[in-house]
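Presented below is the structure to which this report refers.
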Amino acid sequence: MPDAKYGQDGPALKYSGAPDYVERMKAALKEMHRQVGDLVLDEAGIARRGLLVRHLVLPEDAAGTAEVVRFISQEISKNTYLNVMAQYHPAYNACRFPELCRPITAREYARALALAAEAGLTRGLAML
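According to our numbering, the sequence shown is numbered sequentially starting from 657.
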C-alpha cells in the first residue's frame, strides 16, 4: 500500500526534502503494479493481492492531486484502487509553511475526488 504523496517535485522538495520524488514514486508504482497487478478482492471484500495506492490531500492542492491521478490513470491502470485521504492535520513543523497550517476544507476534498473521477479512477475509498 504505497503512498503517492506528491505529483510535482517542487512541493516534494519544499515540504519533505525529497528531490526527484515524482520520478522515484512513478518508477516504484509501475514496478509494484508490474509485480502484483490491480487489486483483487475475494467474495468477502478482503484484499488478496494487488496494488492499492494512498494519496493524502493537502491544503491549497500542495500535493498536486491532478498530476497524481492523471499518472495513475494513464500510466498504471484506470482500475487502480485509490484511497483518497482527507485526514491531513498540521503537525510537527508544518506551520513553517502557512499554506499547510490548517486542515483541508470539504471543498478541497471534494475537488480531489472529482479529479480522480475525471481521470477515470473509479475504484477506491473516500477517507474522511
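Ideal placement from N, C-alpha and C gives every residue a C-beta, glycine not left out.
Start and end residues, beta strand (DSSP E) containing residue i
i	result
M741	737-741
H745	Premise fails: H745 is in no beta strand (DSSP E) and is neither H nor E.
R710	708-712
Nearest-angstrom Cα separation, counted from residue j out to residue i
i	j	result
L695	R758	33 Å
A722	R752	25 Å
P667	A719	7 Å
L784	E764	Residue confidence for L784 is low, a pLDDT of 49 falling below 50, so the modelled location carries little weight; the figure read from the coordinates is stated next. So the two alpha carbons sit approximately 12 Å from each other.
N749	H711	20 Å
L669	E731	23 Å
V724	Y662	7 Å
K734	A766	19 Å
R704	Q691	14 Å
Inter-residue CB distance, residue i and residue j (contact presumed, cutoff 8 Å)
i	j	result
I728	V709	6 Å
R680	T736	Not a contact, Cβ separation roughly 18 Å.
L738	L777	5 Å
Limits of the unbroken alpha helix (DSSP H) element including residue i
i	result
A703	Where A703 is concerned, there is no enclosing alpha helix (DSSP H), although the beta strand (DSSP E) it sits in stretches over 703-705.
L685	677-692
P667	665-672
A770	762-774
E723	721-727
Counting beta carbon pairs with one atom in the stretch 683-699 and one in the stretch 713-720, are three or more of them shorter than 8 Å?
They do not touch, by the three-pair rule.
Is the stretch 692-708 touching the stretch 665-683 in the sense that three or more CB pairs, one from each, lie closer than 8 Å?
The stretch 665-683 is not in contact with the stretch 692-708.
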